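The structure appears right after this line, and notes come after that.
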Ligand SMILES: Cc1ncc(COP(=O)(O)O)c(C=O)c1O
Ligand SMILES: NCCCCNCC[C@H](N)C(=O)O
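Numbering (full-length UniProt numbering), first residue to last: 1 to 405.
Next comes the structure, spelled out in structure tokens:
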């Protein structure tokens with residue numbers, strides 16, 4: 001049974017786990033920071049759907065953002081259909097729908113353009129292949145640039161890694177196509193919480209591409225700037241962006257993914273079994289491989305935000321102390337030996353039936369979930385601004401079966 005928009009009036013404890021729980025109040029708090037940054041800097045902010053595309057909460061995000069950006073035909077369509085206000089092109093509140101993909105195919109480009117307010121090509125060859133179609137419809141065209149420098153602690157998320165395919169770097173080649181484009185996109189940050197590092201790398205970009213930037217109308221600086229952190233100097237960032245925009249005469253765009261929903265979601269699970277093998281072990285009814293895949297890819301652990309609905313903040317031991325014999329390792333229920341949410345020093349040993357909620361479960365989770373091992377797919381549950389709870393979507397065997405043939 002698929003349930004959509006079922007309002008649950010009782011409390012969360014009656015809901016079967018696992019489920020992703022999104023908190024609209026926390027999302028709006030992030031939105032207000034983004035809106036302030038935009039107001040101070042003149043930049044426009046587009047939600048990066050690759051990070052978060054749970055459209056059931058877009059109503060509370062829309063008032064604060066200028067639109068969406070995408071990485072595929074499906075994402076640009078979703079942005080258009082669910083975030084766009086596209087019914088009336090003259091509507092001053094109309095949101096922008098940006099299209100970008102590492103590579104478009106010839107058979108999808110017409111449909112992509114039917115949804116896009118701007119299209120950004122990843123390479124000069126893709127630009128040559130498809131620009132005429134965009135120009136014929138007066139859709140502004142951009143090109144992704146690769147400045148060959150970045151702020152990413154992870155090689156897998158480093159767009160400037162050696163031999164990177166993400167954008168063009170050769171200034172002469174870029175200068176030769178300036179007549180075909182009105183803007184560029186540069187994404188070279190990943191969870192960068194240092195304003196100084198951001199500013200220095202923007203200075204590198206200016207050194208490398210300054211005369212090109214001065215001939216453009218808009219520049220998107222991508223995502224990956226962790227300005228949502230309480231200690232981040234937001235005003236300094238706003239000044240830097242404003243100065244950049246004025247110097248080159250360009251509209252600046254930002255593409256926040258993680259910053260839009262950071263801290264606004266948890267994955268709520270139940271302990272199914274406990275064991276002991278030199279340390280305490282607990283197995284929950286979800287899987288890191290299937291439901292919080294980014295943690296596995298980036299070799300990180302999930303923080304615990306509550307146990308049995310009591311708010312607690314339990315960080316994985318690698319963030320607080322060396323491991324100890326009475327620590328608990330929380331495993332997922334897939335067969336993968338390393339399906340590990342993390343190792344924790346808990347106040348009490350976990351028991352079968354305990355509820356454990358993991359934090360930071362909104363970004364790069366639901367967009368990456370998969371049916372490995374046929375493990376139950378977490379429902380998507382939303383705590384609305386008024387405190388009511390919606391079970392927005394449940395998944396069952398038919399969804400699993402339908403995903404395979
Ligand atoms: C082009 C582009 N824009 C925006 C983002 C969003 O980044 P983040 O979620 O780190 O803000 C990404 C991440 O992959 C990206 O590649
Ligand atoms: N917490 C570990 C890093 C997560 C990286 N986020 C997604 C990737 C990023 N948007 C990128 O590839 O630039």
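Here a beta-carbon is modelled for each residue, glycine too, at the ideal position from N, C-alpha and C. Only a predicted model underlies this, so the values are computations on that prediction, with no experimental measurement involved.
In this structure, residue 119 and residue 106 do not form a Cβ contact; the two beta carbons are roughly 14 Å apart against a cut-off of 8 Å.
Under DSSP, residue 189 shares a beta bridge with 151.
Those residues placing their Cβ nearer than 5 Å to any heavy atom of ligand 2 are, following chain order, 157, 190 and 298. Residue environment for residue 374: exposed (fewer than 16 other C-beta atoms within 10 angstroms of its C-beta).
For the 7 Å CB-CB criterion, residue 166 and residue 143 do not form a contact. Taking a cut-off of 8 Å for Cβ pairs, the region 241-257 and the region 276-288 do not touch, as fewer than three such pairs fall below it. For residue 144, the beta-bridge partners assigned by DSSP are 185. Contact between residue 354 and residue 308 holds: their C-beta atoms lie close to 6 Å from each other, under 8 Å. DSSP, reduced to helix, strand and coil, places residue 280 within a strand of the structure shown. Residue 177 is not a Cβ neighbour of residue 116, given a cutoff of 7 Å.
Excluding the 5 residues flanking it on each side, residue 384 has same chain C-beta neighbours closer than 8 Å at 24 and 390, in chain order. A Cβ-Cβ contact shorter than 7 Å links residue 361 with residue 20.
Distance from the CA of residue 233 to the CA of residue 227, rounded to the nearest whole angstrom, comes to 7 Å. Out of 187, 191, 215 and 216, the CA that lies nearest to the CA of residue 202 is found in 187. One Cα belongs to residue 224, the other to residue 193, and the distance between them is close to 9 Å. For residue 113, the closest alpha carbon among the candidates 96, 129, 134 and 124 is that of 134. The alpha-carbon of residue 378 is positioned some 31 Å away from that of residue 324.
Cβ-Cβ separation between residue 255 and residue 48: approximately 5 Å, consistent with a contact (criterion under 8 Å). Counting only runs of 4 or more residues that sit fully inside the UniProt domain "Orn/DAP/Arg decarboxylase 2 C-terminal" (204-361), the alpha helix (DSSP H) segments are 234-248, 258-261, 288-291, 293-297 and 317-320, in chain order. Pairing residue 71 with residue 53, the inter-Cα distance amounts to about 12 Å. When only Cα atoms are considered, residue 394 and residue 269 end up about 15 Å apart.
Following the DSSP letters along the chain, one finds residue 79 inside the alpha helix (DSSP H) bounded by residues 73-83. Here DSSP, grouped into helix, strand and coil, assigns residue 163 to coil.
Under DSSP, the beta-bridge partners assigned to residue 121 are 101 and 143.
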